[in-house]
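Heads up, the thing below is written out as structure tokens.
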Amino acid sequence: MKLLLFLLVAIVASVASSWPTDKWPFSNEPADKEFLKLYKDILQLYVNPYQNGVHEQSQQQQEKPFDPMDHLHDYEYPESVRDLCRMVKEGRGLPWEAPFSVFHPEHRHQMELAFEALYSARSSRTFLQTAQWLRRVKVNPSLWLFALNTAVLHRVDTRGMVLPPHYEVEPHRYVRDRDIRVAYSHKMRHTDGATVHIRPLSGSEESQLSYLSDDPQYNEYELMAHQCRPFWWKPRYGDDHFQRHGELFFYQHHQALGRMRMERRSLRMPDVVPMTLDGPIPVGCHPGLSYRFAGAFPSRPDNARIVDTPDVTKDTFNTYAQRVKTAVDMHSIETPKHQYVHLDNAKGVNLLGNLIEPTKYSLNPRYYGGINTLGHLLIGGISGSHSQHQRNPSVMEHYETSKRDYAFFSFHHYLDDILKKHKGHLEPYTKEDLEFPGVRVGKVQLDRDITTFLEDYEFDLDNAVDYSPVEEMEQASRWQTEGGYHHHQHQQQEKKDDLTLPKLKAVTKRLNHHPVTFLIHIDSQEKKDVTVRVFLAPKYDQHHREMTLDKQGWQMVEIDRFTTTVEAGEQVIERKSTESSVVARHERLHLKELLTKVEDAIQGKSEFKLDKHYYQQEGGYPMHLLFPRGSAEGTAYTLAVMVTDLDKDKSSSDIQPGQFFGVPLCPKSGHKYSDNRSMIFPFDRPIRHLDTFRQIPNMHFMDVNIYHRDQQQQNQIQQEENNFYLSY
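Here full-length UniProt numbering is used: the first residue of the sequence shown is 1, the next is one more, and so on.
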């Protein structure tokens, strides 16, 4: 009997240990073969996700294709798996050709079922088989891809796996229809190595921002941030990484709005106007995008007005919005039990963010709704056909397309004003709150002017077109051939006549900048561990009037935050822009590159190291967009640098100088938010005593100009630099 009990306990422990835990099992070590094979199989699911031929054949060749209903004991949430299987069997799921939007409740419910099946799989094998099954039974591709991405980001056994760029997996969300048609033309003519040059829109003032709207990494970031921190995340999934989620929501969009306002200032464009429910949206949206099967994304004319939609009415949105504003005015949230939770200095913004987005941690979702999600649906439905219940979602109804629309920034300006009003109720920081006794910032220098330029960025378009069964088999063979894609490429170069499937590329213009080094002069009376915060804001408003600090402070965008140790005496801290904690320090790896690296590691030709910092401890914003565009004559900005006491800032005594201290894109893997301060400290509260603020010894303000060079000027500068270095 004791032996039987021992065996039972051992079995239960074995099953439990395979369920994702919060422990990080790797520390930048080479991946083993088992991990690599799983990774390769997962990556192959992203190749032609809208076509099932090869994957379906491989599944059918099995004696008995995998069916989750036969393995319910292999899932932590068997009831969700059961519901998912019934939905698929009864044909109640979102049609395969239909557009998927996570903002729509029914779409989201179906995606959550798929996610729960993937996330709760007790073993890597069951997880992979479930993902393959979702594809084989033709669950809506965008739906299962969304669920798969989110599961990969949050499962323990997949941490360290770098997701392929979404703009290569579903390029129709990033590349306009006219350019997709060019790709089809190249494919039909079998033009090997064909390149599609993405042509920016023209004819409107907003088209000046095409270097952003056509930048796939800029658009993908919004999707990645939300898949890392889903608003629909349930407490039973684990809540360690939901620390300060509501504040993160505000911080992300406060930063996005601030960056857009700086870009518009560079181009001398009108500032973003906050949305009003009864007023017009001054700028229209004509994205030129088309869904893979469902037709075009809706357009919206200039000065369109918000109207009722089948998803949400103006009155419903306004009722919820007024309740949120009342909560801000009363400094408290009403709970379902009619108790009141105070919006205090420490947690108020987090509670408010959870209320507005909304997350499952909202204190009263029935009463306050979720005006962020409802707002996206309301604005997105302006141009839809309201005579029919079915309509194509607009760009506002997808994270990865929303920032193409002026209305996105106008709406988040509206939400940002709610945050500002809440912060306006807080007491301003005192001199004692801001000062760091014994530490003084003498001056800040840059080793060169901040200069931006436009450059070509290339990515794959293979997934943008359809393939015949023969072509699909050939494409799949690229990844099965020993040596991966490059080996197959070499074979095809030797046998040109056998080439049947062209490789398609897209090239778009994106903004970049020359790296700069900040030289921060500090005088300290003693050795101290410190936090350094760096901000940037426009110096002038849209009417070219110099802004006072109380107005400028709310437009400050954080461009770096780091920790270090200062010695007693005077010293200079050198900080490179490439080291910034608010941006991703890696260029995105293409799907083909990932497959090749993984295949090479499986074959023993190289190592594939697991880097938990790739998502979990990076700001994630594209590095090439750290600085705004500027102008040929130079656009004036204000740079603010503040040094504070790390011992008072850090949330844990374990945090040491030099460790990541920014806002992580995916705060999972046991990583808690490191900084106790408000995420936009010290500019998050009213500034009523300007002289006091500017005279803080541990803070320094300076004017900087940001210059933009065209390609000819850029080439000349590069040649001068080359000549300079060659002279030594």
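We treat Cβ as the ideally placed atom computed from N, Cα and C, and that holds for glycine.
Is T563 closer than 8 Å to T517 when the C-beta atoms are compared?
no
Please classify Q525 as buried or exposed, where buried requires at least 16 other C-beta atoms within 10 Å of its C-beta.
exposed
Is P95 buried or exposed, if buried means 16 or more other CB atoms sit within 10 Å of its CB?
exposed
Determine the contact status of N48 and N463, defining contact as a CB-CB distance below 8 Å.
Cβ distance < 8 Å, so N48 and N463 count as in contact.
Does the beta-carbon distance from L223 to Y406 come in below 8 Å?
no
On the criterion of 16 or more Cβ atoms from any shown chain inside 10 Å, does H166 qualify as buried, or is it exposed?
buried
Could you check whether the segment 691-710 touches the segment 278-292, counting it as contact only if at least three pairs of C-beta atoms, one from each stretch, sit closer than 8 Å?
Taking one beta carbon from each stretch, the segment 691-710 and the segment 278-292 have fewer than 3 pairs nearer than 8 Å; the two do not touch.
Within its chain, find whatever has a CB closer than 8 Å to the CB of N392; leave out the 5 residues flanking it on each side and keep chain order.
P99, Y291, A294, G295, A296, F297, P298, G384
Grab the span of the alpha helix (DSSP H) containing N219 for me, first residue to last.
216-228
For I573: DSSP bridge partner residues:
For I573, DSSP records a beta bridge to I520.
If you scan the segment 403-467 from start to end, which runs of the beta strand (DSSP E) of 3 or more residues do you find wholly inside it?
Runs found: 439-446, 450-460.
Shorter than 7 Å, the distance from the beta carbon of R155 to the closest heavy atom of the ligand NAP, or not?
As for the ligand NAP, it is missing from this structure, which has no ligand bound.
Under three-state DSSP, which class holds K527?
coil
State the Cα-Cα distance for the pair E263 and S204, rounded to the nearest angstrom.
16 Å
Which two residues bound the contiguous alpha helix (DSSP H) that contains S80?
78-89
From K40, S210, L610, L504, pick the residue whose C-alpha is nearest to that of G285; which is it?
Residue 285 is actually Cys in this sequence, not Gly. Ranking K40, S210, L610, L504 by Cα distance to C285 puts S210 first.
Which residue marks the beginning of the alpha helix (DSSP H) containing I559, and which one marks its end?
In the DSSP annotation of this structure, I559 is not part of any alpha helix (DSSP H); the continuous beta strand (DSSP E) holding it starts and ends at 557-566.
Work out the CA separation of N219 and S213 for me, nearest whole Å.
7 Å
Counting only runs of 4+ residues fully inside the segment 323-365, write out the alpha helix (DSSP H) ranges in chain order.
348-356
Have a look at L45 and K509 and give me their C-alpha separation to the nearest angstrom.
29 Å
Rounded distance between the beta-carbons of R533 and E558, thought under 8 Å:
7 Å
Using C-beta distances below 7 Å, list every residue in its chain close to S150, excluding the 5 sequence neighbours before and after it, in chain order.
Per the sequence shown, the amino acid found at residue 150 is Thr instead of Ser. Same-chain partners within the cutoff: F115, Q227, P230.
Roughly how many angstroms lie between the CA atoms of P200 and S207, to the nearest whole one?
In this structure, the CA atom of P200 is about 7 Å from the CA atom of S207.
Per-residue burial, Q132 [other beta carbons within 10 Å of its own, 16 or more giving buried]:
Flag for Q132 reads buried.
Any idea which residues DSSP pairs P282 with across the strands?
BP columns for P282 are empty, so no partner.
As assigned by DSSP and simplified to three states, the class of E205:
If DSSP states are grouped into helix, strand and coil, E205 belongs with the helices.
Closest to K423 by C-alpha separation, out of F127, P697, R82, P682, would be which residue?
P682
Relative to the C-alpha of Y174, which candidate in D215, K138, H197 has its C-alpha closest?
The shortest Cα separation from Y174 among D215, K138, H197 belongs to D215.
Could you please give the first and the last residue of the uninterrupted beta strand (DSSP E) stretch that includes A632?
Where A632 is concerned, there is no enclosing beta strand (DSSP E), given that its DSSP letter is neither H nor E.
Is D645 helix, strand or coil by DSSP?
strand
Can you list, in chain order, the residues of its chain with a C-beta nearer than 6 Å to that of V439? Leave out the 5 residues immediately preceding and following it.
S524, V643, N698
Using DSSP with H/G/I as helix, E/B as strand and the rest coil, what is D41?
helix
Separation of H376 from residue 745, as counted between CA atoms
It is not possible to answer for residue 745, since the shown part of the chain is limited to 1 through 728.
Count the other CB atoms within 10 Å of the CB of V572; is the residue buried (16 or more) or exposed (fewer)?
exposed
H590 and D460 - do their beta-carbons sit closer together than 8 Å?
yes
To the nearest whole angstrom, what separates the beta carbons of D529 and P657, a pair I think is in contact under 8 Å?
Correct: roughly 5 Å between the Cβ atoms.
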